[in-house]
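Protein chains in written order, with the numbering used here: chain A, 3 to 489; chain L, 3 to 489; chain V, 13 to 460; chain Y, 13 to 460.
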């Protein structure tokens, strides 16, 4: 059933709120009082509830089923975290309160910083970036600020071909040209190519580790040494930290800066596309350039340093960062503890390898050997079947699954990236493997029709994305206005 | 897709909780330590969340769509009420705390009592009954206690044929024989029959008003006078108070006791079958027999009277009643206020009559004239079509609606009782009327197959209820045990 | 009025469609004299903000067991409820659905009721259980009514160890029947001769385990005595968590088990709503009160669940029903089911063990105070102390120090001087060792 | 470990299926030297109860704006959030879903984003809006970057009335570009000659309305000056509720509008997550940063929604993307959308009016105090006072009396003596007349 837009449910004067009368007072709006109506529709509270409940039922979710979306770490989101984030005195704190009235809030940030620096083995952390990409930006800016402080100008950043799209976009925002490093046949940085690209105009290397092929970069320590040798810095995209948290400290690998997606590794909910949170840990070399604000403890009291005289990266965000996500992430860390976080990494890797082992005879892995937290397949197994990666993905939807990540990383043809995460149980994985094998068999048997039609059991079937992009309709318009716009 | 039972998702040693270590102490269990396992399955938290989210999606709900279930008053449940019921200091109060530590809780009960007595125009209220049927029991017990106090023994209670099943069941629990009063052709108490049944062995009359045919009992004041004239009491089933709240005070009609379903009129959520709450208001005549506990104010402080020397009805419930429902109901009342509650009744009646007007030419109403908060139809309109009330109801499910109440009241052949409630908007009613008319047309056109098959778009199709009752399987058993049980 | 979708425009339009000139024409069956009688003394509608502020003020006027160390039990227990429970029961599809009368679109409710019934049966050690009652006390009364239906005898004996509220609710529920209910009295820790109270017309004996004082007993001998006399043994359990550590009533020979399920998943909420558990032998199932979910198949042969054995119930059987119960504790049963599922076998036994150790530690600490005696030697998470002075004022003094220190005998047995110095103390997993120390120190002071 | 479903048994079975003998064999690509390095100084796993207790303690160490009268604004506002909002955003299907990359099973998210975009466009008076940014400050920086993409000029002017945090975030975001960003300074209520600061190489002028002091201005003349010089006018709105009462930037001629949407539906949460709004003229849409939901049809011709114009975005365009933004503020956008839907036209204007009257009443009461001057004459719900002494210590004194009394100039402009006596005060609908009186009395005392 279709759910009409809120604008199609309007009745004049109706509202879903009641307001108190409030004080009488003469207007101070000068001549700036709004003249025309806004155009918002009037709905009652029951209508609003039903509208959004109905919309929600058109969505897939972790709470509903397996969500093996590679590189996105769709794991269980504990409700305890939601609860504590809403406590009075945490959820309702104003960022500009006198610091004497927010000592608990500042302590919380301080504790989170302690967990993050300890788990990564790195001395400093900037909490304020708003998401992973924002953290990358912060990290690259720190690198650029370090060179600026030295009066040195460098032009290139090395980025593997398999990188997340945010990596090159970020480097570009810091004024760096992106120089792509190819992968070797094992799916890792081609060391020879890397060494050839090194030079004193290289500001740094941006590496995801474990990388987007789900593989640990075996030469990572050597890469760090070599980039340091030419005076560059080592930025690590921490999107896949889930695979090694509690097992490996990035600081031990020679990394200078790494963002941490709290919404991946530490399970703050993805919320249909955010909010995320992307704190960045820094090495001693880059710590002086970490942006403010920062919480410091002095004689048992906590201060919020918002200004100092340093050559730091500037303000990343309106206030101190995604505090609501800090609460959730800290609750997640405390719930797992040191022992549990290590188990997280182990189970994430175990689950991915179990899926790899269960599928590799029917769907060739992109690279040989074990994987870390996600298993990568190419579409080679479908060659000649007439079914492509997208068809397989859409058919999975009809089987009740969210598809894996498809066509990423770009370096693998028809890539399928499966990340089960540690919060899935063996029964779920067995069933998923069974279904995947069944689909691959059907594809190989030439049952292409089903894959072309899929999905058919969903609130909508395949969408006309071209039409959406050619003639973008980005908002509702009253019918007359819409007709005009179409003219 | 089927969701396995929790017992089918077991893994030994797995749990969805972590517990603190706690103190060491020697066992004080004597020889009574549990010897065998309980048999509960082990699931992790993510599995538990997914299990219940999946189960929930097999349910229909007010928040999802129109729920015109007659006599059940399925109206909007505001989330504000859920929020305040969970406040620390309300949701977590222990019923046996010293009264000095629960003054806010007692005040809340006192305020609720004030609203209920004021809205009904009756002097006393017992808050403790746990649901509507429990309130009826309380009311009938008060009547019986009043006669016992007078040393008088009466044997009969008059109950209309159209009554809720709880009415006769309740009367029987108080030791009364049930004497059924027929309805007249207008759907109301047949006054002649009523008068004939009166006598000095009649303890009282139990009447629902507005009655279960959705009609106001026009002779209600006369009924009260006549039952009082023979020394009996007038019990009113308040299930349909929603139709008259703020418009008519039951006390003005001569009623001696009436229960109020907080989960109907005052919108505490039905929760898939409770908890409800059924406070009972009493006239001066019955007030002395109202059960304890009761809250009284003395010099600005509140006391909880749990014992006195009276000839009251005894304890109805373990503690002071459904306090969590009191919070929600009071929040609902305050949100509406005196003006809003009157509007509730008016809109409930308006909506029901709108549905009646929209359908009466295709589906004959059971009785002539306007209705109150619900519209009652018989299956006469389907005569000869081969489609029955149940078929129509099940076909409605496929159209995305919860069916109306069917085959109740028993006095109307193939009854269909439609209660839209005041929280539905005109657009929803128009669409429902359109769909109903379409279905009736199809039935009359002889498209019986669809009605026999319906529902087909649901998580399950029609169930084998006979099988369930003949060989009751009321619990899961491990396979061996289940096999044995079947032998 | 944020909950009402009609507007002046839509109302006018609808009245016109109905064919009346004003809303009061639709109320013309109401005697004019009583229609629209002015209602005095109630405010008009309020904003959400104002309503919330009012309840926050009321809440602030209470001492919350979540902030004060809480040692009160007596049939309601302050346990930790996992956040998941409250989140899930608020799913629209659970919270805002009705009794599952249309099973095709209510399988969610029906399946969890089936799971709940199984959990209750497993925990109590019984064969079958129903889909919930209002609470433990009313379930106890219903059990007595049921026993009389089963064996048609005319007398029931209630143990003196039965919680006075259970006793009173049971006496009330059976008050207007034609059989007799006899309530015994018992001191803490003392043995009762219940077996001796059974005669040939005794339908049932009701005993609570652990009893109201916290004392645990082996009910095996009593069960044998009941069986010998043809009476049914009804066992009431006020603290369901005890069943994770203690031999369940079913294993000791109970015929009917009733329990208060609040401890799992259900907030204290000043006494309600809670959830009554009701389990019995399979052969009595058609005499049970309350709803039952049963397994069946749909027309496609898929496993399904449905309310069954409705012929017992009021909406079918009317005055001949086994009970008048209709709306019961569905959502609380769900909360119970979710919490029990989260715990699982290992969690349930660990939780029970933790409760027991905490209570044992508390008993040790408190009974070490001069003049304080422990009256119950075998217990689960609740025990009874005898103080050197009346417990009522002591509890008030403790409350002033911010400790919710148990239930004084005077609250449960008002006017009974012999029990005025008793203090019934519970300790759950929410009690920390610091809480025990605070209680001990405060009690010492209060007794000094 | 309650979140981890694997057990020792299942792990062993799975390792065997994989064909390895131990978990660390799967980590054999990790240099042995760094694998399993001991992590010191962190506790092992904790129970839910213990974790919750910890956060309750932290929360208790703060003064909560829900219990103390709160007059702090400055880009984040303490508004009442209807309970419905928080309930709905916690629906599993919203909370635990990912970015809607598979539109067939994400229509819920996509439709609300489409509705959100429409609401933002309507409120700002602009043609199109995107699906959210991190917050108002970063949206402001992105708008400047976008302006340079649009007209390829090399200089941007930031008004002195721009919130210093917006200014700093913008300066930071543009710091490593090859164009210049000039930030002006301005005193409260003073007029700036922004038109005079525009030259032929000026890509954009950024102005906040109401400005950081609360002052409202007619931006029409500035918009004309921009148009005359070919520069874009970027308007920042830090308090989105103002748009219910004030002429929107679109009507005054803005080319790009950025705003902080926190005021609708999003809790203060100590500064984040909030939600950035971003709207512009339709002709610039392909230069916009962030995600866009657009309408289309599915193969059956049914109206549907999908993320569109992805060619602007990093996952397609990589280093040539319009922005590196990926995860944004989806769930906060949903909260905004629900709150705005609940309000509707009449609620939104009434809420804005109530805010304005409350602030006007507060301004009147506070500026009547001896020695206190009102520095902003035209304002919405925030205004600036000049105190007879430095405002920093005054605010601390107010906090000790339990009043959160605004932002002292020293917090926003540290070291700037000329602004040290300024106090920026906001008053929303959550402020009662009693709150205003408490504030007035406390301020009087603090100044005495």
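Cβ coordinates follow ideal geometry from the N, Cα and C atoms, glycine included.
Using 7 Å as the threshold, is the C-beta distance between residue 250(Y) and residue 365(Y) below it? no
Alpha carbon of residue 179(V) to alpha carbon of residue 128(V), nearest angstrom: 26 Å
Interface residues of chain A around residue 65(L) at Cβ under 8 Å? 51, 52, 55
Quick check on this structure: which residue in 119(Y), 114(Y), 67(Y) has the alpha carbon closest to the alpha carbon of residue 326(A)? 67(Y)
Could one say the Cβ of residue 47(A) lies closer than 7 Å to chain V's Cβ atoms, at least one of them? yes
Among 50(A), 402(A), 96(A), which residue has its Cα nearest to the Cα of residue 415(Y)? 96(A)
Those runs of the beta strand (DSSP E) which lie wholly inside the region 190-274 of chain V and span at least 3 residues: 192-195, 214-220, 244-249, 268-272
With distances taken Cα to Cα, identify the nearest neighbour of residue 11(L) among 44(L), 33(L), 29(L). 44(L)
To the nearest angstrom, how far is it from the Cα of residue 320(L) to the Cα of residue 60(L)? 34 Å
Of the residues that make up the region 424-455 of chain Y, which ones have a beta carbon closer than 9 Å to any beta carbon in chain V? 441, 442, 444
By Cβ distance, which residues of its chain are closer than 7 Å to residue 360(A), with the 5 residues on each side in sequence left out? 435
Closest by C-alpha distance to residue 364(A), when choosing among 353(A), 423(A), 401(A), 387(A): 387(A)
Per DSSP, residue 316(V) forms a beta bridge with which residues? 308(V)
Residues within the region 48-78 of chain V neighbouring chain Y, beta-carbon criterion of under 7 Å: 60, 61
Please list the residues of the region 91-114 of chain V that have a C-beta atom closer than 8 Å to any C-beta atom in chain Y, keeping them in chain order. 92, 94, 95, 99, 102, 103, 104
Which stretch, first to last residue, makes up the alpha helix (DSSP H) that contains residue 536(L)? This structure does not reach residue 536(L), given that chain L is present from 3 up to 489, and the question cannot be answered.
With a Cβ-Cβ cutoff of 7 Å, do residue 494(L) and residue 150(V) count as a contact? Past the boundaries of the shown model lies residue 494(L); chain L is included only from 3 to 489, so the question cannot be answered.
Identity of the residues DSSP links to residue 208(L) by a beta bridge: 237(L)
Considering only C-alpha positions, which residue in the set 60(Y), 268(Y), 339(Y) is nearest to residue 287(Y)? 339(Y)
Inter-residue spacing [alpha-carbon to alpha-carbon] between residue 396(L) and residue 383(L): 17 Å
Does the separation of the CB atoms of residue 125(L) and residue 245(L) fall below 7 Å? no
DSSP state of residue 377(V), grouped into three classes? helix
Residues in the region 113-127 of chain V with C-beta within 7 Å of chain A's C-beta atoms, listed in sequence order? none
Would you kindly work out how many angstroms separate the C-alpha atoms of residue 330(V) and residue 163(L), rounded to a whole number? 11 Å
Cβ-based neighbour list, residue 181(L), same chain, cut-off 6 Å, excluding 5 preceding and 5 following: 158, 160, 199
Helix, strand or coil: which one does DSSP assign to residue 505(L)? The displayed coordinates of chain L run from 3 to 489. Any statement about residue 505(L) would go beyond what the structure contains.
Is there contact here, the region 287-296 of chain Y with the region 93-111 of chain Y, by at least three beta-carbon pairs under 8 Å? no
Nearest to residue 404(Y) by alpha carbon, out of 392(Y), 424(Y), 391(Y)? 424(Y)
Is DSSP giving residue 264(A) helix, strand or coil here? coil
Going straight from the alpha carbon of residue 353(A) to that of residue 114(A), what length do you get? 28 Å
Burial state of residue 430(Y) (16 or more Cβ within 10 Å): exposed
Would you verify that the beta carbon of residue 1(V) is, or is not, closer than 7 Å to some beta carbon of chain L? Here chain V comprises residues numbered 13 to 460, so residue 1(V) is not present and cannot be evaluated.
Name the chain V residues whose beta carbon is nearer than 7 Å to that of residue 460(L)? 116, 117
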